[in-house]
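Below you'll find the structure, written out as C-alpha cells, and then a few comments.
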Amino acid sequence: MGKLFAFLGGQLAAFFIQVFQMFCYGVRCVTEMRHLYLYRHQIIEQCYAVGVSSLPLVCLISAFSGMAIAIQTAYQMEEYVPDYMVGALMVRSVILVLSPILLGLVLSGRVGAGVASELGTMKVSEQVDALASMAVDPVGYLMLPRMLAGAIMVPILVIYSFLVAIICGFAMSMIKMAITPTELVKGMKLYFEVYDVFVGLVKSVVYGGLLTFMGSYKGLCTAGGAQGVGRAATAAVVISSALVLILDYFLTHALLY
Amino acid sequence: MATETAIEFVEVFKSFDAQSVLKGLDLRIPWSEITTILGPSGCGKSVTLKHVIGIERADVGKVVVAGYDMARIRHGELIELRKRIGVLFQSSALFDSMTVKENVAFGLRMHTRMSEEEIAERVHVCLDAVRLAGTEAKMPVELSGGMRKRAALARAIAMEPDFILYDEPTTGLDPNTSSVVGDYILKLQSELNVTSVVVTHDMPLARRVSDRVALLYDGKAVVQGAMEDVEAANNEVFELFVQGRLG
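Chain order of the listed sequences is A and B. Start counting at 1 in the first sequence, then tack on 75, and there's your number in the numbering used here. Start counting at 1 in the second sequence, then tack on 137, and there's your number in the numbering used here.
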C-alpha cells in the first residue's frame with residue numbers, strides 16, 4: 076500500500092512539475108515576442124509548413140466530412156423537418172464543431188508530431204544546445220515561430236475547411252437527396268450567424284497555438300536518442316488531441332452560453 | 138572584465154536525478170592558453186563545458202567565467218558572454234536544415250548588423266581558415282565527419298570569440314583527420330589568441346595541443362597543471378588513465 080501511494084505521489088509530482096515547466100516555456104514565449112522581428116524568417120517559414128503544406132490534407136478530410144454530415148443530417152431529419160433545414164443544420168455543425176475539432180485533431184497528428192520529432196531530433200543531436208551557446212534562445216527561435224504559425228494558419232485552414240465542407244455537403248445533398256440549391260441556401264440564410272464563425276475561429280486559434288506549443292515543448296524536452304524522439308512525438312499527439320477535445324467543451328460552454 | 142583566471146570552478150557539485158556527476162570540482166583555466174580536460178567516458182567532462190556556457194547550472198559551488206558568476210549572471214549578461222564563446226560540439230551540431238554558409242553566418246545574422254556582402258566575406262574567411270572554401274552551398278549531410286567538424290569549427294570562430302570550447306573534437310574521426318583537427322586547434326590558438334578548453338580522452342591530441350591539462354575522475358579534478366608537470370608528478374590515477382586502465 077505504501078508503495079502504491081509512493082508511486083501515485085511520484086506521478087502526481089511529475090505531473091505538476093511538467094505543468095509548471097509548460098507554464099515557464101509559455102512565459103518565455105511571451106517575453107521573446109519583443110524579438111519578433113529577429114524571428115521573422117522563421118515565422119514565415121513555419122506559416123508555410125503549418126498552413127500551405129497542410130492544405131491538401133485539409134481539403135480531403137473537409138470534403139469527405141462535409142459529404143458525410145450532409146447525408147447524416149438528411150437521414151436524421153428527413154421525416155421531421157423541411158428540406159431547407161438540412162442546409163441550416165449542416166452549415167452550423169460544420170462551422171461550430173466539425174471543422175475546428177476535426178482540424179485540431181488531424182493537425183495534432185500532422186503538425187504536432189512533425190514539430191515534436193523535428194525539435195526532438197535537434198535536441199538529441201545537440202543543435203538546441205548549439206543555438207543556446209550562440210546566444211540565441213531556443214524557445215524564441217524554435218517554439219515561438221511555430222506557435223504563432225499555428226495560431227495564425229489554423230484559423231485560415233478552418234475557413235478553407237468551412238468552404239470545402241459546405242460546398243461538398245451541398246453537392247451531396249443535391250445529388251443524393253435531391254434537395255434543391257434554393258432550399259439549401261434558404262436554410263443557410265435563415266439560420267446563419269456570423270457569431271458562429273467567430274466561435275469556430277476562436278477555437279481554431281486556441282487549437283493551433285496549443286498543438287504547436289505541445290509539439291515544441293515535447294520536442295525541446297526530448298531525452299534519450301531515437302527512442303526519446305518517438306516518445307516525444309507520440310506524447311505530443313496524444314496530449315494535444317486530448318486537450319483539443321477537453322478544451323472544446325470549455326470553449327463551447329464559455330462562448331455559447 | 139579583467140580577472141586572473143578565465144574560467145574557475147570552485148567546489149562544484151552537479152547531479153542528474155540520483156546520479157552525481159560533479160562532486161566538488163575545483164578547476165582553474167588561465168587566459169589565452171589551451172587547457173585540456175581529460176577523463177574517461179561519463180566522468181562529467183561535457184557537463185563541465187555546459188556549465189561554462191550556462192546550459193547547466195551548478196547545484197552547489199561556484200562557476201566563474203570571464204568574471205561572471207554563472208549562478209548570478211543576468212540574462213542580458215549571459216547573452217553577451219555567450220557571444221564571446223565559440224563551441225565545437227561532439228556531434229558537430231550543425232543545423233541540418235541550413236547550408237554550410239548559413240550555418241557559419243548564423244551568429245553574424247542574429248547578432249550583428251553586417252551586410253550580406255560582409256557576412257559572405259566573413260564566412261569565406263572562416264571556411265578558408267579550416268580549408269573548406271567552396272563548400273558554402275553544401276548541406277551538412279553531404280559532408281564527411283571530418284569536414285563537418287571543420288565546418289562547425291568555422292561556425293565557432295565566425296563571431297571572433299574570446300573562448301573556444303572543443304567537446305571531444307576527435308571522437309569518431311580517423312587518426313589522420315584527428316591530426317588535422319589538432320592542427321586547426323593550434324592554428325586557431327596562435328592566430329586568434331583565444332582561451333581554449335579541449336575536452337577529450339584522446340591522449341595523443343592532449344599531448345600535442347595542451348598548455349595545461351586537468352584529469353577529471355569521480356567528479357573531481359584529481360590532477361591539474363602544465364602537461365609536463367602532470368606527467369612528471371607520477372599521479373597514480375593519471376598513470377592508469379594514460380595506460381587506458383582507468384574505468
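Virtual Cβ for every residue (Gly too), placed ideally from N, Cα, C.
Could you tell me whether the segment 193-202 of chain B touches the segment 150-162 of chain B, where touching means 3 or more Cβ pairs closer than 8 Å? Contact between the segment 193-202 of chain B and the segment 150-162 of chain B is present, because at least three Cβ pairs lie under 8 Å.
Do Ala317(A) and Lys293(A) come within 8 Å of each other at the CB atom, strictly closer than that value? Translated into positions along the first sequence, residue 293(A) becomes position 218. Translated into positions along the first sequence, residue 317(A) becomes position 242. Taking 8 Å as the Cβ cut-off, Lys293(A) and Ala317(A) do not qualify as a contacting pair.
Contacting residues, own chain, Cβ-Cβ under 7 Å from His110(A) (five flanking each side not counted): Locating residue 110(A) in the first sequence gives position 35, counting from the first residue. If you ignore the 5 residues before and after His110(A), its C-beta comes within less than 7 Å of the C-beta of Gly215, all in its own chain and listed in chain order.
Can you give me the C-alpha to C-alpha distance between Met289(A) and Gly309(B), rounded to a whole angstrom? Indexing the first sequence from 1 puts residue 289(A) at position 214. Indexing the second sequence from 1 puts residue 309(B) at position 172. The alpha-carbon separation between Met289(A) and Gly309(B) amounts to approximately 35 Å.
8 Å Cβ cut-off: residues of chain A touching Arg219(B): For the purposes of this step, residue 219(B) is taken as the residue at position 82 of the second sequence. Simply Ala207, Ser208, Met209, Ala210.
Nearest chain B C-beta to Glu201(A) closer than 8 Å, yes or no? Along the first sequence, one-based indexing puts residue 201(A) at 126. Put simply, the CB of Glu201(A) is near chain B, with a gap under 8 Å to one of its CB atoms.
Taking 8 Å as the cut-off, decide whether the C-beta atoms of Ala358(B) and Ala369(B) are in contact. Walking along the second sequence from the start, residue 358(B) turns up at place 221. Walking along the second sequence from the start, residue 369(B) turns up at place 232. Contact flag unset, no.
Tell me, which residues are paired with Leu162(B) by DSSP? Translated into positions along the second sequence, residue 162(B) becomes position 25. Under the DSSP definition of a beta bridge, Leu162(B) partners with Val149(B).
Under 8 Å by beta carbon: chain B residues contacting Leu113(A): Within the first sequence, the letter at position 38 stands for residue 113(A). Here the neighbours are Met247.
Cα-Cα, which of Gly204(B), Ala208(B), Val241(B) is closest to Gly191(B)? Within the second sequence, the letter at position 54 stands for residue 191(B). Between Gly191(B) and the set Gly204(B), Ala208(B), Val241(B), the nearest pair of CA atoms involves Ala208(B).
By how many angstroms is the C-alpha of Leu259(A) removed from the C-alpha of Asp158(A)? Numbered from its first residue, the first sequence carries residue 158(A) at position 83. Numbered from its first residue, the first sequence carries residue 259(A) at position 184. Rounded to whole angstroms, the gap between the alpha carbons of Asp158(A) and Leu259(A) is 7 Å.
Mind listing the chain A neighbours of Ile190(B)? Cutoff is C-beta to C-beta under 9 Å, in chain order. Against the second sequence, residue 190(B) aligns to sequence position 53. Asp204, Ala207, Ser208, listed in chain order.
For my contact list, Met165(A) and Ala145(A) are in at a C-beta cut-off of 8 Å; report their separation, rounded to the angstrom. Counting from 1 along the first sequence, the entry for residue 165(A) is found at position 90. Counting from 1 along the first sequence, the entry for residue 145(A) is found at position 70. Confirmed, about 5 Å.
Ignore the nearest five residues each way along the sequence and tell me which others in Gln361(B)'s own chain have a CB closer than 6 Å to its CB. To locate residue 361(B), count along the second sequence from 1; it is residue 224. Excluding positions up to five away in sequence, the list reads Ala351.
Ala295(B) classed as buried or exposed, judged by whether at least 16 other C-beta atoms fall within 10 angstroms: As a first step, residue 295(B) is located in the second sequence; it is residue number 158 there, counting from the start. By the neighbour-count rule (16 or more Cβ atoms within 10 Å), Ala295(B) is buried.
Under 9 Å by beta carbon: chain A residues contacting Gln227(B): Here the question's residue 227(B) lines up with position 90 in the second sequence. Listed along the chain, the chain A residues whose CB falls inside 9 Å of the CB of Gln227(B) are Glu201.
Which two residues bound the contiguous alpha helix (DSSP H) that contains Val319(A)? As a working mapping, residue 319(A) is identified with position 244 in the first sequence. Its alpha helix (DSSP H) spans residues 300-331.
Thinking Ser229(B) and Arg285(B) are a contact (beta carbons under 8 Å), I'd like their distance in whole angstroms, please. Along the second sequence, read from residue 1 onward, the residue named residue 229(B) stands at position 92. Along the second sequence, read from residue 1 onward, the residue named residue 285(B) stands at position 148. With a Cβ gap of about 4 Å, Ser229(B) and Arg285(B) count as contacting.
Residue span of the beta strand (DSSP E) that contains Asp204(A), given as start and end: Start at 1 with the first residue of the first sequence, and residue 204(A) comes out as number 129. Per DSSP, Asp204(A) lies in no beta strand (DSSP E) segment; the continuous alpha helix (DSSP H) that holds it begins and ends at 202-208.
I'd like to know if the segment 172-183 of chain B and the segment 324-343 of chain B are in contact, where contact means that at least 3 CB-CB pairs between them fall below 8 Å. When C-beta atoms of the segment 172-183 of chain B are compared with those of the segment 324-343 of chain B, three or more pairs fall below 8 Å, so the two segments count as touching.
Report the rounded CA-to-CA distance for Val184(B) versus Tyr100(A), giving the unit in angstroms. If you number the second sequence from 1, residue 184(B) lands on position 47. If you number the first sequence from 1, residue 100(A) lands on position 25. The alpha-carbon atoms of Val184(B) and Tyr100(A) are separated by roughly 23 Å.
Nearest by alpha-carbon distance to Ala288(B): which of Phe232(B), Ser157(B), Pro312(B), Gly181(B) is it? For the purposes of this step, residue 288(B) is taken as residue 151 along the second sequence, with counting starting at 1. Check the Cα spacing between Ala288(B) and each of Phe232(B), Ser157(B), Pro312(B), Gly181(B): the tightest is with Phe232(B).
Compute the distance between the beta-carbons of Gly187(A) and Val312(A), then report whether it is under 8 Å. Your numbering for residue 187(A) matches position 112 in the first sequence. Your numbering for residue 312(A) matches position 237 in the first sequence. A contact, by the Cβ cut-off of 8 Å.
Name the DSSP beta bridge partners of His337(B), please? Taking the second sequence and counting its residues from 1, the one referred to as residue 337(B) is at position 200. Contrary to the premise, residue 337(B) reads as Thr rather than His in this sequence. Per the DSSP secondary-structure output, Thr337(B) pairs in a beta bridge with Leu175(B).
Considering only the alpha carbon of each residue, which of Pro306(B), Leu353(B), Asp366(B), Ser327(B) lies closest to Val341(B)? Within the second sequence, the letter at position 204 stands for residue 341(B). Checking the displayed sequence, the identity of residue 341(B) turns out to be Pro instead of Val. The shortest C-alpha separation from Pro341(B) is found at Pro306(B).
Is there a Cβ of chain A sitting closer than 8 Å to that of Ala195(B), yes or no? The residue you call residue 195(B) lines up with position 58 of the second sequence. It does not: the Cβ of Ala195(B) has no partner Cβ on chain A nearer than 8 Å.
Do we get a CB-CB distance below 8 Å when we pair Gly244(B) with the residues of chain A? Along the second sequence, read from residue 1 onward, the residue named residue 244(B) stands at position 107. True, the Cβ-Cβ gap to chain A drops below 8 Å.
Can you confirm whether Val224(B), when its beta carbon is compared against all beta carbons of chain A, has any partner nearer than 8 Å? Along the second sequence, one-based indexing puts residue 224(B) at 87. Closer than 8 Å: yes.
Just reading off the alpha helix (DSSP H) that Lys182(B) is part of, what are its end residues? Position 45 of the second sequence holds residue 182(B). Residues 182-189.
Is it buried or exposed for Gly77(A), if we count other Cβ within 10 angstroms and need 16 for buried? The residue you call residue 77(A) lines up with position 2 of the first sequence. Exposed, since its Cβ has fewer than 16 Cβ neighbours within 10 Å.
Would Leu219(A) pass as a contact of Tyr114(A) if the rule is Cβ separation under 8 Å? Here residue 219(A) refers to the residue found at position 144 of the first sequence. Here residue 114(A) refers to the residue found at position 39 of the first sequence. For the 8 Å CB-CB criterion, Leu219(A) and Tyr114(A) form a contact.
Nearest by alpha-carbon distance to Ser192(A): which of Gly275(A), Ala307(A), Ser315(A) is it? By one-based count along the first sequence, residue 192(A) stands at place 117. Answer by Cα proximity: Ala307(A).
With a 10 Å radius around its C-beta and 16 neighbouring C-beta atoms as the bar for buried, classify Asp366(B) as buried or exposed. Numbered from its first residue, the second sequence carries residue 366(B) at position 229. With fewer than 16 other beta carbons inside 10 angstroms of its own, Asp366(B) counts as exposed.
How would you call Lys182(B), buried or exposed, if buried means at least 16 neighbouring beta carbons within 10 angstroms? Reading the second sequence from its first residue, position 45 is the one you call residue 182(B). Classification for Lys182(B): buried.
Could you work out which residues of chain A lie near Phe232(B), taking near to mean beta carbons separated by less than 7 Å? Working through the second sequence from its first residue, we reach residue 232(B) at position 95. Chain A residues near Phe232(B): Gln202.
Looking at Arg221(A): is its Cβ nearer than 8 Å to the Cβ of Val181(A)? Counting from one through the first sequence, the residue named residue 221(A) turns up at place 146. Counting from one through the first sequence, the residue named residue 181(A) turns up at place 106. Cβ atoms of Arg221(A) and Val181(A): not closer than 8 Å.
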